[in-house]
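Engineer: Take this structure first; my questions come after.
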Amino acid sequence: MGKFLLRSPAVGIHVPVGLYYCFRDLTDSNIFIILYAVTSIYFAGVMVRLMLVLAPIMCIMSGIGISMTLSTYMKNIETSDQPAPAPVKNKKKAADYPIKSEIATVMVTIVAIFLTTFVFHCTWVTNEAYSSPSIVLAARAQDGGRIIFDDFREAYNWLKFNTPENAKVMSWWDYGYQITAMANRTIIVDNNTWNNTHISRVGQAMASPEEESYKIMKELDVDYVLVIFGGMSGYSSDDINKFLWMIRIGGSTPEGAHIKEADYYSSSGEYKVDKDASASMHNSLMYKMCYYRFGEGTTEQGKPTGWDRVRNQEIGNKDFELDVLEEAFTTEHWLVRIYKVKDLDNRGNK
């Protein structure tokens, strides 16, 4: 809902008005517009990225609403040089009432204020939300200053200049195109999500214990694994918050039938990372990659070590080592963590 209010407050108000006028005159073109609007609103509500599909029809519907509203009321505004209207014998047919001109003026003024406000709102949104690339994050400090998080470019540059050109990187599909474009490395899955089986295999690797994950990574010929972690900086769109989707997609194919979402909830049925989290959660590769060495330091004053600033929980598994991975690189704010897959022989020796 917040996305809708941020991007289209003034335009969104006029969409129902446009729908009303389209329903009043059900021509073929208006019926098409109505169907386009209703389906776009529904799918944008289901998946926020489909606001791109919603944007054109919102502009069309708002334009119809504003145009018809202004056409209705502007003709009722009387000017000083306007000739007096001819008397109408049938008073029922006379479109006249005591303060017709005043009401029309108020309505036109309200529409003008909405449109003027929308211009300033668009300027503000452009400045705050669209003036920096999505891989460069910004936050406000307590003193009002701006803090820049450039961890994504830092990580991609490290991959580009510190790994072999033929290295293969496994991450969740969200970051596939970025890694390909900025780090120039081969990735296992990307934003082209048509191959659900392949994505499911990556989800299984993330949700499984290290030993099982290692088999999948070797099957996929993975050299490095990349995860996004916000527990240090407070970045909420990290892989721990996306982990339930990895579990669901990982368990959606026959190879991952053993992965059950319920196994990753606490005994009370909550999604947790603290001491109450399930053994499946604590032992998963995703949990270990995100929280490796995290329990050694503090993130907030007055909080215990290993305090996750996104989940507001003290992690439950602090003292562990990685068996099949080794930490290769962690960015300044711990937003991106990269691990190298170890070379183990068949007996598990390094």
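Numbers in my numbering are just positions in the sequence shown, counted from 1, shifted up by 34. Each residue gets a CB set at the ideal place from its N, CA and C atoms; glycine is no exception.
(1) Can you pull the DSSP bridge partners for Phe183?
(2) Quick one: what does DSSP say Leu319 is sitting in, helix, strand or coil?
(3) By Cβ distance, which residues of its chain are closer than 8 Å to Ser271, with the 5 residues on each side in sequence left out?
(4) Identify every residue that forms a DSSP beta bridge with Leu278.
(5) From the DSSP output, read off the bridge partner residues of Gln347.
(6) Less than 8 Å between the C-beta atoms of Ile91 and Ser74, yes or no?
(7) Alpha carbon to alpha carbon, how far is Asp184 from Val170? Give it in angstroms, no decimals.
(8) With Glu244 as the anchor, note down where its alpha helix (DSSP H) starts and where it stops.
(9) Which of helix, strand or coil does DSSP assign to Lys127?
(10) Mapping the DSSP letters down to three states, classify Thr364 as helix, strand or coil.
(11) By Cβ distance, which residues of its chain are closer than 6 Å to Val16, with the 5 residues on each side in sequence left out?
(12) CB-CB under 6 Å to Arg345, same chain, minus the five flanking residues each way: which ones, in chain order?
(13) From Val142 to Tyr76, what does the alpha carbon distance come to, in whole angstroms?
(14) In angstroms with no decimal places, state the Cα-to-Cα distance between Asn191 and Lys202.
(15) Taking 8 Å as the threshold, find out whether the stretch 297-316 comes into contact with the stretch 338-353 through three or more Cβ pairs.
(16) What does Arg371 pair with, by DSSP beta-bridge criteria?
(17) Hey, how far is the Cα of Gly284 from the Cα of Arg235?
(18) Tell me which same chain residues have a C-beta within less than 6 Å of the C-beta of Ala217, skipping the five on either side of it?
(19) Using the C-alpha atoms, what's the distance from Arg58 back to Gly178?
(20) Just tell me which of Val145, Lys109, Thr139 has its CA closest to the CA of Ile98.
(21) Within the same chain, show all residues whose beta-carbon is closer than 7 Å to that of Cys56, passing over the 5 residues directly before and after it, in chain order.
(22) Under three-state DSSP, which class holds Pro50?
(23) List the whole-angstrom C-beta distance separating Lys374 from Leu356, where the pair is believed to meet the contact cut-off of C-beta under 8 Å.
Structural biologist: So, to answer that:
(1) Numbered from 1 along the sequence shown, position 149 holds the residue referred to as residue 183. For Phe183, which the question treats as bridged, DSSP gives the partners Leu171.
(2) On the sequence shown, position 285 is the one that residue 319 refers to. Three-state DSSP puts Leu319 in a helix.
(3) Here residue 271 refers to the residue found at position 237 when the sequence shown is read from its first residue. Closer than 8 Å at the Cβ level, and outside the excluded window around Ser271, lie Ile262, Gly264.
(4) Along the sequence shown, one-based indexing puts residue 278 at 244. Looking at the DSSP assignment, Leu278 forms no beta bridge with any residue, so it has no partner.
(5) Mapped onto the sequence shown, residue 347 falls at position 313. Looking at the DSSP assignment, Gln347 forms a beta bridge with Asp342.
(6) Here residue 91 corresponds to residue number 57 of the sequence shown, with the count starting at 1. Here residue 74 corresponds to residue number 40 of the sequence shown, with the count starting at 1. In this structure, Ser74 lies closer than 8 Å to Ile91 by Cβ.
(7) Position 136 of the sequence shown, counting from 1, holds the residue named residue 170. Position 150 of the sequence shown, counting from 1, holds the residue named residue 184. Rounded to the nearest angstrom, the two C-alpha atoms are 5 Å apart.
(8) The residue you call residue 244 lines up with position 210 of the sequence shown. Run containing Glu244: 244-253, per the alpha helix (DSSP H) assignment.
(9) Taking the first residue of the sequence shown as position 1, residue 127 is located at position 93. Low local confidence applies: a pLDDT of 48 at Lys127 is under 50, so the model's placement there is unreliable, with the coordinate-based value given in what follows. Three-state result, Lys127: helix.
(10) Here residue 364 corresponds to residue number 330 of the sequence shown, with the count starting at 1. Strand at Thr364.
(11) Any answer about residue 16 is impossible in this case: the structure gives the chain only from 35 up to 384.
(12) Locating residue 345 in the sequence shown gives position 311, counting from the first residue. Around Arg345: Val307.
(13) Reading the sequence shown from its first residue, position 108 is the one you call residue 142. Reading the sequence shown from its first residue, position 42 is the one you call residue 76. Between Val142 and Tyr76, the C-alpha separation is close to 31 Å.
(14) Looking up residue 191 in the sequence shown gives position 157. Looking up residue 202 in the sequence shown gives position 168. Between Asn191 and Lys202, the C-alpha separation is close to 15 Å.
(15) yes
(16) By 1-based counting over the sequence shown, the position of residue 371 is 337. DSSP, once it has assigned bridges, lists Val261, Thr364 as partnering Arg371.
(17) Within the sequence shown, numbered from 1, the residue matching residue 284 stands at position 250. Within the sequence shown, numbered from 1, the residue matching residue 235 stands at position 201. Cα-Cα distance, rounded: 6 Å.
(18) Translated into the one-based positions of the sequence shown, residue 217 becomes position 183. Correct list, in chain order: Tyr190, Leu193, Lys194.
(19) For the purposes of this step, residue 178 is taken as the residue at position 144 of the sequence shown. For the purposes of this step, residue 58 is taken as the residue at position 24 of the sequence shown. About 51 Å.
(20) In the sequence shown, counting from the first residue as 1, residue 98 sits at position 64. Nearest option by C-alpha distance: Val145.
(21) On the sequence shown, residue 56 is found 22 positions in, with the first residue counted as 1. Closer than 7 Å at the Cβ level, and outside the excluded window around Cys56, lie Asn64, Ile67, Ile68, Ile98.
(22) Counting from 1 along the sequence shown, the entry for residue 50 is found at position 16. Helix at Pro50.
(23) Taking the sequence shown and counting its residues from 1, one reaches residue 374 at position 340. Taking the sequence shown and counting its residues from 1, one reaches residue 356 at position 322. With 8 Å as the limit, Lys374 and Leu356 do not qualify as a contact, their Cβ atoms being about 10 Å apart.
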